[in-house]
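Using the numbering used here, read the sequence shown as starting at 80 and increasing by one per residue. Virtual Cβ for every residue (Gly too), placed ideally from N, Cα, C. This one's a predicted model, so the numbers in the text were calculated from it and none came from an experiment. Down below is the structure, laid out as structure tokens.
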Amino acid sequence: MNIIIVEQTHNVHLSYTDSGPPKIDHSTPYTTIFAVHGWMFNGAVFKKLLPLCSRENIRFVSINRRGYPGSTDSTDKELGVFEPSTGAETESEKQKQRADYLKARGKELLTFVDTFIQKYDLPPISEVEGEMGTKKKCGGIAILGWSLGHSVTFATLANLEDAPKEIQTRLAAYLRAHILLEPAITTIGKKPIPGTWVATRDSPSITPASAIGLFMMLVSAYYAHGPGVVTLDPKLQTRDPTLMEHVAPAMPSRDSSNVPSVYNMTSEEVEEIISLPPRPVPRADAMLSRMAMLWLDILQVNYAKACYSETVRKSLLPEMKVVEILGDKTSAIVTSAFWQIWDDNENEKEKVRKITGSKDVKDFVEFKLMKGANHFMHWDYPQETMDLLVEILNE
């Protein structure tokens, strides 16, 4: 397994899988996508996308976060941030520790990306002639977060202003897109809506082993939400949580097309991808999941800065667009995040309208919907997912 050192003093490294440069000759420079996985499912969850990359002029790098296979585990000192506040600590001091913890994870991802760019001499953003005399971007990179992985990608971009100037300049010349693949509601700093239930967090009476088994089935299930819950048409949208399917998966009655995605994995793939005993979920992820409500303020700040701040979007990363992808059969923890991000985008646009007087204001976040897909579209529908990624990069 390949690794990149992201912190020299303590030899901290992140492992990764790389599709490599496209093997098919293309007339334009290729684009590299750096993918950051979520909770319990490591970077191998993206493995079905790798064989599709060469034809699409894409290089795909799937990174394992701290504690996942091949990457340095968290130290006891680092995990101290999850300990309860002591009498000598104020809550503001504890919050700063939490902010510093996420900032450090973001810095590690930034170091990984910057090192990879230089090590493999990746092509930067460039322009070529498109249809009807238009200019089309190519080359460069995209950062893709999936599920809990957004806690790291948001932290990376939110704290970019503190990075060395050389790294800021290089990233500005490369980063074309931050792709939000199904962010969960807590990763944007909001409480789950009423009715939402997560087995590993909300049921202390269930044994950890049973909770993990239940979680991996429910998070990969297909949910039949009511009308208007997941749509990109604002005239049809609803904010009625009672129309969400929260717990019971939409199991098919006549075929197997909508079984939870984990049942579309072989036993070997389950062992490769999912953190199950005797290789449990890394301690940091386990504790962050249980204590997520204490981290919401920090997560919200990072999300807001990464997506909406003028410093990040205009000054530091003027070429970067932000695009959320979601499936209309995904879980409520994702659909509720979609509602919030949609509203935040509209609110930020309204602020710009009031300041500038302009009615034509670009979206801070764009949205793409894959019909019939769940939280694991990259596993159950890899070609359709790749097509959507290409569409985002070609627009």
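Residue i and residue j closer than 8 Å at C-beta
| i | j | result |
| --- | --- | --- |
| residue 193 | residue 250 | yes |
| residue 259 | residue 401 | yes |
| residue 306 | residue 322 | yes |
| residue 252 | residue 112 | no |
| residue 268 | residue 396 | no |
| residue 415 | residue 248 | no |
| residue 117 | residue 227 | yes |
| residue 174 | residue 459 | no |
| residue 444 | residue 420 | yes |
| residue 140 | residue 184 | no |
| residue 362 | residue 158 | yes |
| residue 304 | residue 385 | no |
| residue 93 | residue 461 | no |
| residue 272 | residue 320 | yes |
| residue 294 | residue 277 | yes |
| residue 311 | residue 191 | no |
Any chain B beta carbon closer than 8 Å to residue i
| i | result |
| --- | --- |
| residue 396 | No chain B appears in this structure, which consists of one protein chain only. |
Status (buried if at least 16 other CB within 10 Å, exposed otherwise) for residue i
| i | result |
| --- | --- |
| residue 99 | exposed |
| residue 436 | exposed |
| residue 105 | exposed |
| residue 342 | exposed |
| residue 298 | buried |
| residue 405 | buried |
| residue 151 | buried |
| residue 89 | exposed |
| residue 81 | exposed |
| residue 119 | buried |
| residue 153 | buried |
| residue 138 | buried |
| residue 349 | exposed |
| residue 346 | exposed |
| residue 187 | buried |
| residue 358 | exposed |
| residue 353 | buried |
| residue 207 | exposed |
| residue 439 | exposed |
| residue 364 | buried |
| residue 103 | exposed |
| residue 224 | buried |
| residue 434 | exposed |
| residue 371 | buried |
| residue 216 | buried |
| residue 426 | exposed |
| residue 243 | exposed |
| residue 288 | exposed |
Local conformation of residue i per DSSP, three classes
| i | result |
| --- | --- |
| residue 205 | strand |
| residue 272 | coil |
| residue 255 | strand |
| residue 167 | coil |
| residue 137 | strand |
| residue 347 | helix |
| residue 463 | helix |
| residue 110 | strand |
| residue 314 | coil |
| residue 400 | strand |
| residue 444 | strand |
| residue 216 | strand |
| residue 435 | helix |
| residue 130 | helix |
| residue 285 | coil |
| residue 358 | coil |
| residue 47 | For residue 47 there is no data in the structure shown, the boundaries of the chain being 80 and 474. |
| residue 211 | helix |
| residue 337 | coil |
| residue 229 | helix |
Integer-rounded CB distance, given that residue j should sit under 8 Å from residue i
| i | j | result |
| --- | --- | --- |
| residue 181 | residue 234 | 4 Å |
| residue 239 | residue 398 | Residue 239 to residue 398, Cβ: 13 Å. No contact. |
| residue 218 | residue 302 | Going by Cβ atoms, the distance from residue 218 to residue 302 rounds to 38 Å, so no, they are not a contact pair. |
| residue 101 | residue 136 | 5 Å |
| residue 457 | residue 413 | About 14 Å; that fails the 8 Å criterion. |
| residue 121 | residue 147 | 4 Å |
| residue 467 | residue 407 | About 13 Å separates the two Cβ atoms, so there is no contact after all. |
| residue 373 | residue 291 | With 8 Å as the limit, residue 373 and residue 291 do not qualify as a contact, their Cβ atoms being about 22 Å apart. |
| residue 83 | residue 161 | Wrong, their Cβ atoms sit about 26 Å apart, outside the cutoff. |
Residues bridged to residue i [DSSP beta-bridge criterion]
| i | result |
| --- | --- |
| residue 95 | 81 and 142 |
| residue 449 | 406 |
| residue 224 | 115 and 259 |
| residue 86 | 91 |
| residue 471 | DSSP output for residue 471 lists no bridge partner at all. |
| residue 120 | 353 |
| residue 244 | In the DSSP output, where bridge partners are listed per residue, residue 244 has none listed. |
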